[in-house]
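Same order as they appear, the protein sequences are chains W and G. In terms of my numbering, the first sequence opens at residue 3 and continues consecutively. In terms of my numbering, the second sequence opens at residue 8 and continues consecutively. Even for Gly, the Cβ is constructed at its ideal location relative to N, Cα and C. Below is one structure, written out as structure tokens; comments come after it.
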Amino acid sequence: MSSHDNTHQEVEGAPHASFREYMIGFGLSVILTLIPFWLVMGEVIDHRGLTIFIVVIFGIAQMLVHMVYFLHLNATSEDGWNIISLAFTVMLVAIAVAGSVWVMYNLDNNMMPSMQDVMNTLPLNSN
Amino acid sequence: MSTNNSVAEQVDNAPLFHMQKDPHNEPGTLLGFWIYLMSDCLIFAMLFATRAVLAPNYAGSPLPKEVFDIPLILVSTFCLLFSSITYGFSVLQMQQNKLNGTLIWLGVTWLLGAAFIGIELYEFNHLIHIGASPQSSASWSSFFALVGTHGLHVFFGLVWMVVLIIQTKKHGLTIANQRRLFCLSMFWHFLDLIWIAVFSLVYLAGVL
């Protein structure tokens, strides 16, 4: 054991981070943050749905960057248990969010007409 | 005696039915903390689902398009992003066993996190003042529940950071303290990750 490093021990299983890794992650995050903000603030694309789609894609990309470069996630960390629990969570999140939106959208469609819809059908509007 | 020897020989020759290496790192705190973060992820997923369902129900309260201050959100996003990288620098200093460097970068991280919370409180105060309060409509209720829960997480992260700064200052970079600092780093990066979903789906998609 070298004399200058006689007390330092590292936590078992902790990922070994590097300066280069953090800087790559940071650079990518800055780009992936600025582009969606620019798209929305500058009103670059004249199509609401397409802009939202691009913003969401950039969001997912930046989340992946954070997981790889900041959380040091890979297929072998903790013998694969990290990635398995993540996959399980992503599945649950997808079911919960997509399911809620889907069910509630259909519920909305099948509900009684709102007061506004009723008002629009009344003859007094046409006068 | 002779029977004992033969038993020992049999045991030596017997095939192994257990793993030579324990598949989990002792004491497994980091994996356990990761699983906690995954369960926290589910809480946020529920809040995002609630927000997605209730977002169109304004009931006459102000629209996000009219009241969201996107440049301010850009500033707070960068506060959180910078705090992620400064926490990374703190971890790098910790790996080189540099106590002062670790504490200085933790301090910088704390200030950036506090700036984020400050901006959020200013924004909430402003929104409530102009009538977009949690009790004004289902849409704003879901907004405050989601963004507020994230803000509370960041706040408790700041409290935890103060505790760890004091502990590390007192006891040095012991194994236990390093493990705690690693857990907080995972918590902190995870909150930044959730914030990406918040600014994309709530703020940017909200003003379109």
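When G:132, G:81, G:138 and G:193 are compared, the shortest CA-CA separation from residue 35 of chain W is found for G:81. Shown in chain order are the members of the region 190 to 201 of chain G whose Cβ falls below 8 Å from a Cβ of chain W: 193, 196, 197, 199 and 200. Chain-ordered listing is empty here: chain W has no CB closer than 9 Å to the CB of residue 100 of chain G, the nearest sitting near 10 Å. Chain-ordered listing is empty here: chain W has no CB closer than 7 Å to the CB of residue 86 of chain G, the nearest sitting near 12 Å. Each residue's CA atom was taken as its position, placing residue 172 of chain G and residue 94 of chain G some 12 Å apart. Measuring C-alpha to C-alpha distances from residue 212 of chain G to each of W:39, W:96, W:108 and W:107 identifies W:39 as the nearest.
Per DSSP, the unbroken alpha helix (DSSP H) holding residue 163 of chain G starts and ends at 145 to 178. Annotation: the continuous alpha helix (DSSP H) that includes residue 112 of chain W extends over 83 to 112. Secondary structure note for residue 65 of chain G: it is in no alpha helix (DSSP H), with a DSSP letter that is neither H nor E. Residue 135 of chain G: member of the alpha helix (DSSP H) spanning 106 to 136, first to last residue. Beyond the five residues adjoining it in sequence on each side, residue 122 of chain G comes within less than 6 Å, by CB distance, of 86 in the same chain, given in chain order. Residue-level contact by beta carbon holds for residue 19 of chain W and chain G, with a gap shorter than 8 Å. Going by C-alpha positions, residue 166 of chain G is about 28 Å away from residue 208 of chain G. Inter-residue distance for residue 124 of chain G and residue 24 of chain G is about 54 Å (C-alpha atoms, whole angstroms). Rounded to whole angstroms, the gap between the alpha carbons of residue 36 of chain G and residue 82 of chain W is 15 Å. For residue 47 of chain W, the three-state secondary structure derived from DSSP is coil.
Chain G places no beta carbon closer than 8 Å to that of residue 22 of chain W, leaving this residue out of the contacts. Note that the region 147 to 160 of chain G touches the region 50 to 57 of chain G; at least 3 beta-carbon pairs, one per stretch, sit closer than 8 Å.
Nearest CB-CB separation between residue 78 of chain W and chain G: not below the 8 Å threshold.
With contacts defined as CB atoms closer than 8 Å, residue 97 of chain G and residue 109 of chain G qualify as a contacting pair. Per DSSP, the continuous alpha helix (DSSP H) segment holding residue 94 of chain G begins and ends at 77 to 102. Against chain W, the beta carbon of residue 55 of chain G has neighbours under 7 Å at 99, listed in chain order. Contact between residue 144 of chain G and residue 64 of chain G holds: their C-beta atoms lie close to 6 Å from each other, under 8 Å.
Measuring C-alpha to C-alpha distances from residue 168 of chain G to each of G:41, G:198 and G:116 identifies G:116 as the nearest. Of the residues W:58, W:55, W:84 and W:59, the one whose Cα lies closest to the Cα of residue 69 of chain W is W:84.
Taking a beta-carbon distance threshold of 8 Å, residue 174 of chain G does not count as an interface residue toward chain W.
In this structure, residue 80 of chain W places its C-beta atom within 8 Å of the C-beta atom of residue 38 of chain G. Residue 70 of chain G counts as exposed, since fewer than 16 other beta carbons sit within 10 angstroms of its beta carbon. Judged by beta-carbon spacing, residue 161 of chain G lies within the 8 Å limit of residue 198 of chain G, meaning their Cβ atoms are closer than that value.
Residue 61 of chain W carries a helical assignment under DSSP once its states are collapsed to helix, strand and coil. Contact between residue 119 of chain G and residue 89 of chain G holds, with the beta-carbon distance rounding to 5 Å and staying under 8 Å. Close to residue 214 of chain G, with beta-carbon spacing below 7 Å, are these residues of chain W in chain order: 42. The DSSP-derived three-state label of residue 204 of chain G is helix. Approximately 37 Å separates the beta-carbon atoms of residue 136 of chain G and residue 73 of chain W; this is outside 8 Å, ruling out the contact.
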